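Asks:
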Amino acid sequence: KFNLVALNSIALKDLDICLRYAAPTNMNATQLGGVGRAPCTGCHRRRLVIRNIAEAIRPAVASKNGNARVGVPEGTPVVTPQDLPSRPRRNRRSETFRSAIRESIVSPANFILPIFIHEEGSNNIPISSMPGIYRLAFGNNVIDYVAEARSYGVNQVVVFPKTPDHLKTPTAEEAFNPNGLSQRTIRLLKDSFPDLEVYTDVALDPYNSDGHDGIVSDAGVILNDETIEYLCRQAVSQAEAGADVVSPSDMMDGRVGAIRRALDREGFTNVSIMSYTAKYASAYYGPFRDALASAPKPGQAHRRIPPNKKTYQMDPANYREAVREAKADEAEGADIMMVKPGMPYLDVVRLLRETSPLPVAVYHVSGEYAMLKAAAERGWLNEKDAVLEAMTSFRRAGADLILTYYGIEASKWLAGEK
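The sequence shown begins at 1 in UniProt numbering and counts up by one.
(1) Suppose you measure from the CA of P81 to the CA of R90; what does that come to, to the nearest Å?
(2) Less than 7 Å between C-beta atoms, sequence neighbours within five positions excluded: which residues of the same chain meet that for E325?
(3) Mapping the DSSP letters down to three states, classify H166 as helix, strand or coil.
(4) Got a sec? Which residues, its chain only, sit under 7 Å from F97 by beta carbon, not counting five neighbours each side?
(5) In terms of residue numbering, what span does the alpha helix (DSSP H) encompassing R255 cover?
(6) Of the choices A281, W380, A386, whose alpha-carbon is the least far from that of V339?
(7) Going by DSSP in three states, P287 sits in which element: helix, strand or coil?
(8) By DSSP's criteria, K340 is part of a beta bridge. Which residues make up the other side?
(9) Does the separation of the CB atoms of T392 and S94 fall below 8 Å?
(10) Mind checking L204: buried by the 16 CB within 10 Å criterion, or exposed?
(11) Does the count of Cβ pairs from the region 216-229 and the region 177-190 closer than 8 Å reach three?
(12) According to DSSP, is V360 helix, strand or coil?
(13) Could you have a look at P108 and say whether DSSP puts it in helix, strand or coil?
(14) Over what stretch of residues does the beta strand (DSSP E) that includes residue 422 continue unbroken?
(15) Out of F394, D385, V154, E332, which has the shortest C-alpha to C-alpha gap to L346?
(16) Rounding to the nearest angstrom, what Cα-Cα distance links I408 and V360 in this structure?
(17) Specify the secondary structure class of E197 as computed by DSSP and reduced to three states.
(18) Please report the residue range of the alpha helix (DSSP H) in which T404 lies.
(19) Just mark Q234 as buried or exposed, buried being the case when its beta carbon has 16 or more other beta carbons within 10 Å.
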């Protein structure tokens, strides 16, 4: 038995102490800080080798005058420094070093900017539930908006047309009209900015008088295979207009493979498919449906219209189901897989990142945008910091591409503008 405190006063560099095998001990080598065991020759004992006892147990740190230390608040306790070989805070000591080892980087190159287009006059129309976002009037207003985005490094956009009600039908043929608003917008953008990456939305809801992504039977069933026929025509018409990436958001079974075959058959082998792989039946889409007036409509006496999209969009409670969707999309020829919405589904973003080698996109949807805007307007959040943190969280979860209405603002902030 020995007293380590007493040993601390011994000015020896090395001290050997023998302990019998049977002798109990309540401390180990780690606790002694520099203590190691070695066999003792000539006896059935082990030798406890204690090195640098003065370092193993340190005296409390005090100021020179024995009272309060300089540079800390009065009342700060005087403690023995912990014997920690690893202190993670050393790697957070300065912004220079933090930025040098930062794992997840957000860049304007990661952003895809959604744009809403209309033809109901020459002025942009504000979307009340999405402060700062407008339906852009087809023509120069679209060009000016995209030019601003490009000036900050955002060179990817996705087109969402606001279809006039008189062009909507239960079978949504306007979706593949070669002179439709979406197709003309694609041509306008590619003529103005040939190197701009133009994405499209492949779904029937902006053109469907029932407000659904597919054709609705009188019994209220969303027809899967019949819908896919029109989705293929829509995707081909978008490719003919110059789209770089077509993006089926409808969640019909088998639509990625059918669209891939249709594109290849028409010679568009270089047009990519970004599939909405894990699109959930979420409560966060409300402002988007305001922007396009694309919410499901009430049924009629002879027709039952489902009030929501839960029979084809995924259940928010499901996680493993996303793996099934991802495997199917990859096998059918998807080039990019998307998760929608974003922040409530970061676990699914990570799941797709770990499940597939394909690039992963995430949609920071209208409801997420509206919540941040509302909190910032009330002074409850620092908008810049909260938005950039959200973008970083997408990248950290594994997203390569981020569809966000904050594309221009976030890029300005990343460039140092206030």
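All C-beta atoms, glycine included, are put in the ideal place defined by N, C-alpha and C.
Here the structure is a predicted model, which means the values were calculated and not measured.
Replies: This is what the structure holds:
(1) Cα to Cα, the separation comes out at about 15 Å.
(2) Excluding sequence positions up to five before and after E325, its CB lies within less than 7 Å of the CB of T277, A278, all in the same chain and listed in chain order.
(3) Three-state DSSP puts H166 in a helix.
(4) Same-chain partners within the cutoff: N91.
(5) Unbroken alpha helix (DSSP H) run through R255: 255-265.
(6) Considering only alpha carbons, the answer is A281.
(7) Three-state result, P287: helix.
(8) Here K340 is bridged, per DSSP, to K279.
(9) No, the pair does not count as a contact, with Cβ atoms beyond the cut-off.
(10) Taking every protein chain shown into account, the CB of L204 has 16 or more other CB atoms within 10 angstroms, so this residue is buried.
(11) No, they do not touch.
(12) Strand at V360.
(13) P108: helix per DSSP, three-state reduction.
(14) Absent from the model: residue 422. The displayed extent of the chain is 1 to 418, so no value can be given.
(15) For L346, the nearest C-alpha among the options comes from F394.
(16) The straight-line gap separating the alpha-carbon atoms of I408 and V360 is approximately 21 Å.
(17) In the three-state reduction of the DSSP assignment, E197 falls in the strand class, which pools E and B.
(18) Note, T404: premise wrong, no alpha helix (DSSP H); beta strand (DSSP E) at 401-404.
(19) Flag for Q234 reads buried.
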